[in-house]
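Keeping their order, the protein sequence lines are chains V and H.
Each residue of the first sequence is one higher than the last, beginning at 1 in full-length UniProt numbering.
Each residue of the second sequence is one higher than the last, beginning at 1 in full-length UniProt numbering.
Backbone N, C-alpha and C define an ideal beta-carbon position, used for all residues, glycine too.
Protein chains: 2
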Amino acid sequence: MNIPVNLPLTRKLSTFVALSKAELALLDHLHQRNRFFSAGRDMVHQGQSGQAAYVLMSGWVCSYKLQPDGTRQIVDFQIPGDFLGLRSVLLRTSDHSFEPIVDIEAAEVLTEDLLEAFAQTPRLATAILWAASRDEAMVVEHLVGIGRRDAVVRIAHFLLELGSRLALVGLGDTKGYDCPLTQYHLADALGLSAVHVNRVLRQLREAGLVTFREGHVRFHDLDRLVKLADFDPAYLDHAGPLLK
Amino acid sequence: MNIPVNLPLTRKLSTFVALSKAELALLDHLHQRNRFFSAGRDMVHQGQSGQAAYVLMSGWVCSYKLQPDGTRQIVDFQIPGDFLGLRSVLLRTSDHSFEPIVDIEAAEVLTEDLLEAFAQTPRLATAILWAASRDEAMVVEHLVGIGRRDAVVRIAHFLLELGSRLALVGLGDTKGYDCPLTQYHLADALGLSAVHVNRVLRQLREAGLVTFREGHVRFHDLDRLVKLADFDPAYLDHAGPLLK
DNA sequence: CGCGGGATTGACCATTCTCAAGATGTGTGG
DNA sequence: CCACACATCTTGAGAATGGTCAATCCCGCG
């Protein structure tokens, strides 16, 4: 019996807790029921029916809220290794929609399996709750960004945060990463207009800091970019206590 | 043995679940260790030491994050009946600070007491998790507001949301409510400058919609204000499933 | 070849910010 | 009781960040 350690979720959690063989096997077990969703077609889990959560295996998803006036605000992006609708199991979910940005593969996690896993290994439960708490910290950081950072810093910060998250699951490094988002996605996430996103991206590119183009993000001068964005990945690490 | 039903938390939870005598007593038990904090003096629970949560009994608190450049973003306000640092018990807390806006009274909740209460009455646990989930929904709504609403709608929406929350614990009605916030608080919460907050408040006042003055908020034309702000309290109610 | 989604760019506009000057009110020390 | 410091609120003038509208380009696809 071989235990895959290449699942993105496993990889992510392993960064923070050294998981035992049994725990790895349990995680693997949670990844049995794979499902596929098409880009652009909303996969809304709401209320009664949405008793299941998913772990994103490949592809990108965004969770967003639509305004009465037609504009939308993207609350968060999910990348491989992230949960979708975890809160609808643990707590009760808030009412936003999920839209796959590209075709995705996701493992359906049954509530009962998850709870059983929790009961069997408290360490795994801790690790998963850590992940949930990290998601929350990201939403808060997102709030701060929109409220108190100008467009340039906002976009720089966003690209760096994505990079950190992707690196954690092996989908990026200090050079850059693949990124299927359009400039419209950035605009909806960052509270800007697409036109202005375009202008700021050009500015960052011409300053030799970072390129966002043709599905790739390339860091040209990571140090200067980090300094410009005042990027401190502390809220993503959350290391400390959990390593015990 | 008398069971007080006037605790703000009890009042809040009762709106959504009919609590039994035993559950009411348990809630009462959670409110034994009262503590006081002074306005302006940060009560930061971070990491190791902060194993306790509080239930705010009276007064207002805000949770915020400081930026490297000195500006701050207020993430949320807590009013009587709200938890402070609940996530540091259930999950792991993110790293923002708490500051009492006025002198406050708060009941310290020990982790063990809370977990015991959860074990004894699943219904109470559900109710408390509902409250946590509602807090999260508010942060998301806050994010949407900053990202996609202009200053007038933003402020109108904020004042209405506060009104709804306060009404739930008996501290306000459709006429208005007492509110110790300064215009600087509004600015830091809504991602605006204090000067502009002032101008918008004047505008709302002169339009005969709402007055924010001398520690009071008065709704002059609630219907028109709700319409202007596109205010839909759905995300605050979360009724439905929980009433079963 | 024509169409549609995304990216670009310019010109102009407006919401919101910054700076600055007062006004008002409250608490403290003299 | 007065004077002063300090916090809060107000208002004006000018600047700026970011938005809207509109045209164009590029490219993959049926």
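Item	Value
Three CB pairs or more closer than 8 Å across the stretch 152–170 of chain V and the stretch 55–73 of chain V	no
Test item: CB-CB of V:Leu86 and V:Ala132 under 8 Å	yes
With 16 other Cβ atoms within 10 Å as the buried cut-off, status of V:Lys12	buried
Cβ of V:Gln46 within 8 Å of any chain H Cβ	Interpretation of V:Gln46 is limited by its pLDDT of 49, a score under 50 that renders its predicted location unreliable; the figure taken from the coordinates is listed afterwards. Not closer than 8 Å to any Cβ of chain H, the Cβ of V:Gln46 fails to qualify, so no.
H:Val200 in three-state terms, based on DSSP	helix
Contact check, V:Leu26 vs V:Leu7, beta carbons under 8 Å	no
Assigned secondary structure, V:Pro233 (DSSP; H/G/I helix, E/B strand, else coil)	coil
Local Cβ density within 10 Å of V:Gln78, reported as buried at 16 or more and exposed below that	buried
Residue environment, V:His96, which counts as buried when at least 16 other CB atoms sit within 10 Å	buried
Beta-carbon contacts of V:Tyr184 that lie in its chain and below 7 Å, excluding the five residues immediately before and after	Ala194
Any C-beta of chain H under 8 Å from that of residue 279 of chain V	The structure shown does not extend to residue 279 of chain V, since chain V spans only 1 to 244, so no value can be given for it.
Straight-line gap, V:Asp150 to H:Trp60 (C-alpha atoms, nearest Å)	30 Å
Any 3 or more C-beta pairs closer than 8 Å across the stretch 96–109 of chain H and the stretch 35–43 of chain H	yes
Cβ contact (3+ pairs, closer than 8 Å) linking the stretch 178–192 of chain V and the stretch 220–229 of chain V	no
Whole-angstrom distance between V:Val197 and V:Val210, CA atom to CA atom	14 Å
Chain-ordered neighbours of H:Pro122 on chain V, where CB pairs are closer than 9 Å	Going along chain V, no residue has its Cβ under 9 Å from H:Pro122, so there is no contact; the nearest lies around 13 Å.
Where H:Pro100 sits in the DSSP three-state scheme	strand
Short CB-CB distance (under 8 Å) between H:Ser20 and chain V	no
Identity of the residue in H:Cys179, H:Leu186, H:Gln203 and H:Arg205 nearest H:Val217 by Cα	H:Cys179
Of the residues V:Gly215, V:Leu124, V:Phe83 and V:Ala167, the one placed nearest V:Ala107, counting alpha carbons only	V:Phe83
H:Thr174 vs H:Leu222 beta-carbon contact at 8 Å	yes
Spatial distance of V:His142 from H:Thr182 (CA atoms)	24 Å
Distance, V:Pro122 Cα to H:Ile101 Cα	38 Å
Contacts of V:Thr71 in chain H (Cβ-Cβ under 8 Å)	Arg148
Top-ranked residue by Cα proximity to V:Pro80, from V:Met57, V:Ile74, V:Gln73 and V:Gly70	V:Met57
C-beta neighbour in chain V for H:Lys65, strict 8 Å	yes
Interface flag, H:Asp230 vs chain V, CB-CB below 8 Å	yes
Cβ pair H:Leu225, H:Ile155 closer than 8 Å	no
Contacts that H:Tyr184 makes with chain V (C-beta to C-beta distance below 9 Å)	Simply none; closest approach about 14 Å.
Residue 253 of chain H burial status per 10 Å Cβ neighbour count (16 or more: buried)	Chain H is shown only over 1 to 244; residue 253 of chain H falls outside these bounds and no answer can be derived.
Local conformation of H:Gln67 per DSSP, three classes	coil
Within chain V, partners of H:Pro68 - CB distance below 9 Å	Asp230 and Asp232
Closer than 8 Å at the beta carbon, the chain V residues around H:Val197	Within 8 Å Cβ-Cβ: nothing; H:Val197 doesn't reach chain V, min ~13 Å.
The stretch 151–181 of chain V: positions lying closer than 7 Å to chain H by Cβ	none
Neighbour-count burial assignment, H:His29, 16 or more Cβ in a 10 Å radius	exposed
Buried/exposed call for V:Gln73, threshold 16 Cβ in 10 Å	buried
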